[in-house]
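Participant: Quick one: the structure is below, questions incoming.
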Amino acid sequence: RDLGDVEDDLVFDRPAFLKKLNKFFEAKGLSADWDTLDDAEDELLINSLSMMMDFDAEEKQALLEAPCLSTRRETLVTLIEYTLRGGLDGDMMQ
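For the sequence shown, the working numbering begins at 101 and goes up steadily by one.
Structure, rendered in structure tokens:
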């Protein structure tokens, strides 16, 4: 894709995503500058989180290979939900 074009995710429910992200950060004991996250454009937010979040190599590869922003966001949400549900060990994170 042309690096000058901004990708849009027309079905992105940003408030629901940020709420889920907040739960993830709380469960992991992480902090964030929520004003900056609120102000970031969708593409910057999703791509930055995809790079910075603590996922294993296969999960990062899935994010990297996502063909578009909406698929990357869907993958990111799935990984966040999976982690909150306890991942492989099944212990639900609070």
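All C-beta atoms in this analysis are idealised placements derived from N, C-alpha and C, irrespective of residue type, glycine included.
Going by CA-CA distance only, name the one from Val111, Asn147 and Asp154 that's closest to Leu130.
Facilitator: The residue with the shortest Cα to Cα distance from Leu130 is Asp154.
Participant: If you count every other CB in all the chains shown that lies within 10 Å of the CB of Ser96, and 16 or more means buried, which is it?
Facilitator: Absent from the model: residue 96. The displayed extent of the chain is 101 to 194, so no value can be given.
Participant: DSSP three-state call for Pro115: helix, strand or coil?
Facilitator: It is helical.
Participant: Hey, how far is the Cα of Ala116 from the Cα of Asp156?
Facilitator: Near 24 angstroms, if we compare the C-alpha coordinates of Asp156 and Ala116.
Participant: Take the Cβ of Lys119 as the centre, count every other Cβ of all protein chains shown within 10 Å, and call the residue buried at 16 or more, exposed below.
Facilitator: Exposed.
Participant: Does DSSP classify Phe155 as helix, strand or coil?
Facilitator: Correct three-state label for Phe155: coil.
Participant: Excluding the 5 residues flanking Asp109 on each side, which residues of the same chain have their C-beta closer than 6 angstroms to its C-beta?
Facilitator: Taken in chain order, the residues that qualify are Asp142, Leu169, Ser170 and Arg173.
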